[in-house]
Amino acid sequence: NGTKLGPDIQIISSGIAEFPSLVWNGAEYGIAWQDDRNGNKEIYFARLDYSGNKVGTETRVTDSGGDSEHPSLMWNGTRYAVAWNDNRTGPHQIYVALLSSEGSKLGSDIQITTASGCSWYPRLVWCGDKYALIWHDSRDGNFDVYMTYLDSSGTPLAQDKQLTFTDSDHWSPNHAFVWNGSGCVVVYGDKTDPEGDGEVYVLY
1 NGTKLGPDIQ IISSGIAEFP SLVWNGAEYG IAWQDDRNGN KEIYFARLDY
51 SGNKVGTETR VTDSGGDSEH PSLMWNGTRY AVAWNDNRTG PHQIYVALLS
101 SEGSKLGSDI QITTASGCSW YPRLVWCGDK YALIWHDSRD GNFDVYMTYL
151 DSSGTPLAQD KQLTFTDSDH WSPNHAFVWN GSGCVVVYGD KTDPEGDGEV
201 YVLY
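In terms of this note's numbering, the sequence shown opens at residue 1 and continues consecutively.
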């Protein structure tokens, strides 16, 4: 009924830990976050029990040399996938990595976007047989929301699809994304600059 159960539990105590992403896998939670404990921002993962206590050791997901930011974690029934943006090769691009149910990294980072401009703020959902991924992208000079689908191994299944079309330098990074069993629903904010007033829109 929304009543708080017990005190706050501190999960991370080193560096500046930000932008957590939390999912439930049916038995425990997985959490991913960005962390600057080693100087630059990297993505980490940990498991939490039903009460929110850490289980086992943390996994450092990225080691790119640049800044890895804004993780989005998802459970597909057998393993985790985490998407993030980082600037290891110049402008920020979107990457994905797979993790086992125990949190071990499976394979190498998968680069999803390669367009000019910056790709930021990914949001990842599992659609039952594939992932859907949205992000905030400036490839056309504006800041719009793009989308693509990935198979269970993280490989893109289609070309990027532009969902929003702004005609000026708008800013729309604050988006949320869910799968409702038959389609994807996107909620995003749109404002003329990062500090200005904005509006909220829904896409089906």
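Heads up, the beta-carbon is just placed ideally off N, CA and C, and yes, glycines get one too.
The alpha-carbon of Pro20 is positioned some 19 Å away from that of Gln93. In this structure, Trp120 sits away from Asn142, with a CB-CB distance that is not shorter than 9 Å. By the neighbour-count criterion, in which 16 or more other beta carbons inside 10 Å mark a residue as buried, Asn53 falls on the exposed side.
Counting other Cβ atoms within 10 Å of its Cβ, Asn38 stays below 16 and is therefore classed as exposed. By the Cβ neighbour-count rule, Ser153 is exposed, with fewer than 16 other Cβ atoms within 10 Å of its own. Following the DSSP letters along the chain, one finds Lys54 inside the beta strand (DSSP E) bounded by residues Lys54 to Arg60. Cα atoms of Gly183 and Thr78: separation of roughly 22 Å, rounded to the nearest angstrom.
When DSSP states are grouped into helix, strand and coil, Ile134 belongs to the strand group. With respect to the C-alpha of Leu157, the residue from Phe177, Phe165 and Lys130 having the closest C-alpha is Lys130. Residue environment: Asn180 is assigned as exposed (fewer than 16 neighbouring CB atoms within 10 Å of its CB, all protein chains considered). Beta-bridge partners assigned by DSSP to Gly6: none are found. For Ala176 and Ala17, the gap between their C-alpha atoms comes out near 21 Å. Leu163 and Ile12 have their C-alpha atoms some 36 Å from each other.
Around the Cβ of Trp135, a 10 Å sphere holds 16 or more other Cβ atoms; the residue is buried. For Tyr80, the number of other beta carbons within 10 angstroms of its own is at least 16, and it is reported as buried.
Out of Tyr44, Val23, Ile9 and Gln34, the CA that lies nearest to the CA of Lys105 is found in Tyr44. In the displayed model, Ala97 falls within a strand according to three-state DSSP. Take the alpha-carbon of Lys4 and the one of Ser138: they are about 40 Å apart. Counting the other CB atoms within 10 Å of its CB gives Gly56 a total below 16, which places it among the exposed residues. For His175, the enclosing beta strand (DSSP E) starts and ends at His175 to Trp179. Taking Val145 as reference, the option from Asp151, Thr155 and Asp160 with the minimal CA-CA separation is Asp160.
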